[in-house]
Amino acid sequence: LIARAAARQREIATRLSIGASRRRIIRQLLTESLVLATAAGLLGVGIAYILPPYVLARAMDQPPNLRFEPDMYVMAFSVALSAVASVLFGLAPALHATRVSVAGAMKEQAFGSRLRLRSVLLGAQVALSVILLVAAGLMMRGVQHASERNPGFEVSNISVISFELPANSYNPGRIRTLLSGLQDALGNAPNLHPYGLARTAPFANGHWWTSFRLRGEDATRERLIETQEVAGDYFGVLGVPIVSGQGFEPSDARRGAVLVNETMARQYLGDEHALGRTVILGKEAREVVGIVKDTYATGLDSIEPLIYAPVSGREMPQLLLRSSSAGAVDSATAIAKRLDPRIQVRAEPLAAQLERHLSPARTASALAAMLGLLALTLASVGMSGVFAYVVRQRTREIGIRMALSGFDLVTYGAVCLVLSAAAIAASWRPARRAMRVEPVQALRYE
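Residue numbers (this note's numbering): 179 to 624.
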């Protein structure tokens with residue numbers, strides 16, 4: 179808008195010289211800005227109707243059951259925002275355009291202050307697009323690293339089977355009876371060995387937290403820790419080694435044994451002296467009988483302290499099988515149906531749960547990349563307008579150079595070099611600032 183108003187300086191000066199008021203010219207320029215903003219707002223609303231379902235369908239295997247179409251409130255807000263934007267971004271160019279020197283504009287003289295304002299706004303626009311693109315790039319790299327990270331256990335060829343019990347038909351006592359029958363039946367089915375049970379399978383986005391403290395500590399020292407309930411050969415199915423001690427025995431559920439991961443042992447139990455220690459989990463004393471190798475079972479971003487306890491039977495756990503064949507899944511389904519025909523069984527690969535776990539981060543990084551590209555497009559439009567005006571201002575100079583040299587390739591090259599240098603200068607400082615950020619300092623800041 180500034181470049182366009184500057185290009186019309188001679189027209190505005192002519193109108194001022196023949197008696198037009200500054201207010202009338204400002205009103206006309208603001209009206210033109212409003213028309214432009216209205217057209218852009220309508221285009222944006224149209225894109226808002228079409229784009230979200232397409233993006234969600236491309237980014238997520240199972241899009242959320244939510245409506246993302248704009249309603250009347252969004253329409254009203256968009257129209258109001260377009261009007262405000264037209265006034266905010268059209269007022270400054272209009273004021274600058276009407277402060278023109280009539281004599282200078284008639285001679286097409288340049289005005290340094292307006293050129294500086296254009297440069298500042300253009301630099302800010304390019305800097306914003308660089309920041310958004312760098313942020314999007316970092317998010318995409320983070321998601322890529324997370325997807326390539328070894329979670330510490332087997333993901334391929336693992337099936338996760340969930341059991342949905344009839345509503346209001348099972349209390350904790352009946353669930354324990356059903357679970358005992360399921361384990362007996364699974365133990366008598368060799369084609370389903372090994373199998374494991376877990377309150378929530380890895381990457382299921384289910385987290386359970388319990389207060390705990392060490393024996394001898396005051397109750398005020400309680401802190402929250404994540405827990406996981408497992409049974410069967412859970413660690414064998416996933417290929418997670420027990421680095422010290424032993425796994426669960428059938429009697430461990432009664433005597434209150436627990437296992438901890440390496441991070442838990444290192445942070446709270448003294449690592450080498452963790453076995454045999456007693457922790458107060460909730461209100462119950464539990465003995466640490468084994469240390470399990472660290473895994474990224476609860477999230478690929480970090481490894482947190484974790485306590486493994488035997489399945490309590492308060493909820494129906496999920497079944498994990500080291501097989502992705504339809505025959506194994508059908509056998510497990512038949513066992514559950516024999517125990518209660520009303521049970522609904524759902525099976526999916528563990529790899530699918532991993533993809534679903536990464537889906538929100540991938541969607542966020544894709545949206546950030548889209549915003550960055552949009553900002554870059556707007557910055558490119560701004561640079562195009564400003565550079566077109568700069569070239570127009572220097573048309574006489576370019577013509578003189580061409581007349582003197584008779585070789586226009588150098589002139590074209592010089593113009594391209596000047597425009598490229600201006601674009602690089604606008605983005606160099608924010609890019610250097612982003613590259614100089616120390617990862618450790620950024621993490622401490624967060």
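Using N, Cα and C, we set each Cβ at its ideal position, and we do this for glycine too. All of these numbers come straight from a predicted model, not from anything done at the bench.
- Annotation for Gly423: the continuous beta strand (DSSP E) segment containing it runs Ile420 to Gly423.
- Under the DSSP definition of a beta bridge, Gln406 partners with Tyr486.
- Restricting attention to Pro329, Ala254 and Val223, the CA atom closest to the CA of Asp472 is found in Pro329.
- Listed as beta-bridge partners of Gly468 by DSSP are Gly423 and Leu437.
- For Arg205, the number of other beta carbons within 10 angstroms of its own is below 16, and it is reported as exposed.
- In terms of Cβ geometry, Gly410 and Leu356 do not form a close pair [threshold 9 Å].
- In the structure shown, Leu478 adopts coil according to DSSP, grouped into three states.
- As the crow flies, the alpha-carbon of Gln531 is around 48 Å from that of Val298.
- Beta-bridge pairing by DSSP links Gln522 to Glu342.
- Sequence-distant partners of Gln303 (beyond 5 residues in either direction) whose C-beta falls short of 7 Å from its own C-beta, in its chain, are Leu556, Ala557 and Gly560.
- Linking Ala544 to Asn439 through their CA atoms gives a straight-line distance of about 34 Å.
- Secondary structure of Ser195 (DSSP, three-state): helix.
- DSSP places Leu375 inside the beta strand (DSSP E), whose first and last residues are Tyr373 to Ala376.
- Phe341 counts as buried, since no fewer than 16 other beta carbons sit within 10 angstroms of its beta carbon.
- Here Phe426 has Pro488 as same chain residues with Cβ atoms under 6 Å from its own Cβ, once five neighbours each way along the sequence are excluded.
- Counting along the chain, Val507 sits inside the alpha helix (DSSP H) bounded by residues Ala504 to Leu517.
- Put simply, the region 480-497 touches the region 377-385. At least three CB pairs are less than 8 Å apart.
- Proximity to Leu551 across Gly394, Cys594, Leu310 and Leu214 peaks at Leu310, based on C-alpha coordinates.
- 9 Å or more divides the Cβ of Met317 from the Cβ of Ala514.
- For Thr216, the CB contacts under 7 Å within the same chain, skipping 5 residues up- and downstream, are Ser260 in chain order.
- The Cβ neighbour count for Tyr251, taken over all protein chains shown within 10 Å, is under 16; the residue is labelled exposed.
- In the three-state scheme derived from DSSP, where H, G and I count as helix and E and B as strand, Glu462 is classed as strand.
- Taking C-beta atoms as the reference points, Gly434 and Leu453 fail to come closer than 9 Å.
- Under the 8 Å Cβ criterion, the region 341-351 counts as touching the region 509-524, having at least three qualifying pairs.
- Look at Pro368 here: in three-state DSSP terms it is helix.
- As the crow flies, the alpha-carbon of Asn335 is around 24 Å from that of Asp362.
- For Leu416, the enclosing alpha helix (DSSP H) begins and ends at Tyr412 to Leu416.
- Taking 9 Å as the cut-off, the beta carbon of Glu400 is found no closer than this to the beta carbon of Phe413.
- Comparing alpha-carbon positions, the option among Leu478, Leu360 and Asp508 lying closest to Ala539 turns out to be Leu478.
- Here Ser347 carries a coil assignment [DSSP, helix/strand/coil].
- Per DSSP, reduced to three states, the secondary structure at Phe381 is coil, with no helix or strand assignment.
- Per DSSP, Arg186 lies in no beta strand (DSSP E) segment and is marked neither H nor E.
- Counting other Cβ atoms within 10 Å of its Cβ, Ala510 reaches 16 or more and is therefore classed as buried.
- Of all alpha-carbon atoms in Ser195, Phe255, Ala397 and Ala183, the one lying nearest the alpha-carbon of Gly222 is that of Phe255.
- Around the CB of Ala463, fewer than 16 other CB atoms lie within 10 Å, so the residue is classed as exposed.
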